[in-house]
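Structure, as structure tokens:
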Amino acid sequence: MAGPSPIRAIVTAGALAAVLFAATSLRAHDAPIETTPPDERDFWISLGARVHGGFGSLIAAGIRIGDDARQKLGAAPRELDVTYFSSPAAPCPCIVDGVMIATRASPGQATLRVSDAPAGESLFGRVVIRHKPSGRTLEYAVPDTIWPRLRDINKETTGARRWDAVMAISAAEMMTVRELPLAPPAPKP
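Right, here's the structure in full:
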């Protein structure tokens, strides 16, 4: 009985190399969300449209906030707890759907909620995101002055144009971020 044929070994090695190459090219872009390449941007847009029923500027803003928190807190999936506070001036708490997509927090996991309390004076929305293992908490305040710009962005005809327009807004104009005093880590189950 002869050993494996050289052709079979070459084909197997080639197939393995192709799988490894494909896997490395599918790795998520883990730089600031504003620099996301078009193929990943389109994936985010697709998720936003599926979860929310359409993709507008508020979903993109929420993704931007949630991804920023995930990166700053060094969080793995299911490690973030989110509370969203809306403003009476906001047409809906749509930003929270984008935050949910980016952080992977969800009402079903009891890691995401929309508070009945208002966001605060001069705020369009406020997002409090806590890293459960460390207790570190970030607060994102979205000023009410951003709403006219976000509303106008929704006049764009495609999700990609809406995404690009939201990502082009400076972070300083869109939100302020501050770290809240350390909360005790969540108990381990």
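Numbering (mature numbering (1 follows the signal peptide of the UniProt record, and there is no 0)), first residue to last: -30 to -1, 1 to 159. Quick reminder that beta carbons are idealized off the backbone N, C-alpha and C, glycines included.
Residue i, enclosing alpha helix (DSSP H) - first and last residue
i	result
I116	From DSSP, I116 is part of no alpha helix (DSSP H); its letter is neither H nor E.
R83	Here R83 belongs to no alpha helix (DSSP H); instead the beta strand (DSSP E) covers L82 to S85.
I15	P8 to H22
Distance CB(residue i)-CB(residue j) smaller than 7 Å
i	j	result
D37	A72	yes
V69	I35	yes
V136	A60	no
F55	R96	yes
Buried or exposed by the 16-neighbour rule on C-beta atoms within 10 Å, applied to residue i
i	result
D51	buried
S27	buried
R20	exposed
G23	exposed
L108	buried
S85	exposed
C-alpha distance - residue i paired with residue j, whole-angstrom precision
i	j	result
K102	L93	26 Å
W14	L150	28 Å
P77	S16	21 Å
R48	A75	6 Å
D67	T5	21 Å
G90	Y110	12 Å
T127	P157	46 Å
G44	I139	24 Å
P58	D9	36 Å
Which residue spans inside the region 93 to 147 form an unbroken beta strand (DSSP E) run of at least 3?
As far as the region 93 to 147 is concerned, its whole beta strand (DSSP E) runs of at least 3 residues are 93 to 101 and 107 to 113.
Pick out the complete beta strand (DSSP E) segments inside the region 35 to 70, 3 residues or longer, and give them in chain order.
Those beta strand (DSSP E) runs which fall completely within the region 35 to 70 and span 3+ residues are 50 to 56.
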